[in-house]
Ligand code: BGC
């Protein structure tokens with residue numbers, strides 16, 4: 002099935018038409034910078050622009066950087082506060098005239114990695130950590146997603162983990178990879194002690210740079226880079242929409 006997948010991020014809103022059977026992009030990805038401030042209406046206008054670009058009138062799956070329940074976005078760590086409690090699915094659907102399903106962005110990336118990427122065929126507990134503007138997590142048990150885990154916000158040394166160990170924190174504090182790696186390592190060690198996963202998959206922007214830090218991580222869990230790079234969020238949002246359609 003073809004579905005328009007959209008990935009809303011802190012700096013860019015990306016979309017592509019996805020073939021959910023193969024995980025491939027039917028048409029090349031298109032990116033529009035995230036409006037600043039990223040108020041709901043401004044973001045919805047960009048989603049509409051994407052549907053126009055792809056001349057799209059079918060189902061849309063959207064990955065959003067917040068926990069999402071029944072289409073409602075519940076927090077706003079890296080987007081405008083007006084998203085807290087907003088009915089994103091309704092808003093996007095009204096503006097585009099298409100059926101829209103919304104899922105947490107890390108959960109979307111996780112679905113794509115489990116189906117087509119580094120987590121393919123992996124049973125047990127698999128934790129996907131996306132390292133980008135925020136720290137996103139997706140937790141799978143025997144291939145089933147436990148949604149909205151939000152483990153990027155656990156507290157480490159009295160601070161929100163994301164403010165110390167995300168890629169945005171590395172850039173904001175102007176840390177070298179060598180300075181940032183112990184902070185990220187401590188984060189992974191904390192998750193390991195709490196969840197004892199069988200596999201950790203690193204996604205997001207930092208997954209393209211794992212050669213800079215992977216060999217310095219001291220967790221005993223197997224850690225591998227994501228394989229779908231910047232397509233995971235888009236493909237996973239489309240997969241989530243397909244799953245939602247199948248359930249309805
Ligand atoms: C948000 C998560 C999101 C992650 C990655 C965090 O700040 O709370 O919902 O998955 O950033 O975008």
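In this note's numbering, the protein residues as written are 2 to 249. All C-beta atoms in this analysis are idealised placements derived from N, C-alpha and C, irrespective of residue type, glycine included.
Cβ distance (whole Å) where residue 155 is taken to contact residue 202 below 8 Å: Actually they are not in contact, since the Cβ atoms of residue 155 and residue 202 sit about 18 Å apart, beyond 8 Å.
As assigned by DSSP and simplified to three states, the class of residue 186: helix
Residue 168 beta carbon near the ligand BGC (any heavy atom closer than 7 Å): no
Straight-line gap, residue 76 to residue 121 (C-alpha atoms, nearest Å): 30 Å
Pairwise C-alpha distance: residue 224 and residue 187: When only Cα atoms are considered, residue 187 and residue 224 end up about 14 Å apart.
Assumed close pair residue 29, residue 17 - CB separation to whole angstroms, cut-off 8 Å: 7 Å
Residue 142 versus residue 205: straight-line alpha-carbon distance, rounded: The straight-line gap separating the alpha-carbon atoms of residue 142 and residue 205 is approximately 21 Å.
Per-residue burial, residue 108 [other beta carbons within 10 Å of its own, 16 or more giving buried]: buried
Boundaries of the beta strand (DSSP E) in which residue 271 is found, first to last residue: Any property of residue 271 remains undetermined from this structure, which presents the chain solely from 2 to 249.
Proximity of residue 238 and residue 119 at Cβ, strictly below 8 Å: no
Counterpart residues of residue 161 in DSSP-defined beta bridges: 156
Cβ-heavy atom distance, residue 134 to the ligand BGC, below 7 Å: yes
Simplified DSSP state of residue 13, which is helix, strand or coil: strand
Cβ neighbour criterion (16 or more within 10 Å) applied to residue 111: buried
Three-state secondary structure (DSSP) of residue 85: coil
CB of residue 59 within 8 Å of CB of residue 136, strictly: Against a cut-off of 8 Å, the Cβ pair of residue 136 and residue 59 comes out as no contact.
Same chain only: Cβ atoms within 8 Å of residue 50, ignoring 5 sequence neighbours per side: 33
Reduced DSSP secondary structure (H/G/I, E/B, other) of residue 265: Here the chain covers residues 2 to 249 and nothing more, so residue 265 does not appear.
Cβ-heavy atom distance, residue 175 to the ligand BGC, below 7 Å: no
Residue 206 beta carbon near the ligand BGC (any heavy atom closer than 7 Å): no
Rounded separation between residue 199 and residue 125 - CA only: 6 Å
beta-carbon residue 237 near the ligand BGC non-hydrogen atom, thresh 7 Å: no
Near the ligand BGC: residue 106 beta-carbon under 7 Å from a heavy atom: Because some heavy atom of the ligand BGC lies under 7 Å away, the Cβ of residue 106 counts as near it: yes.
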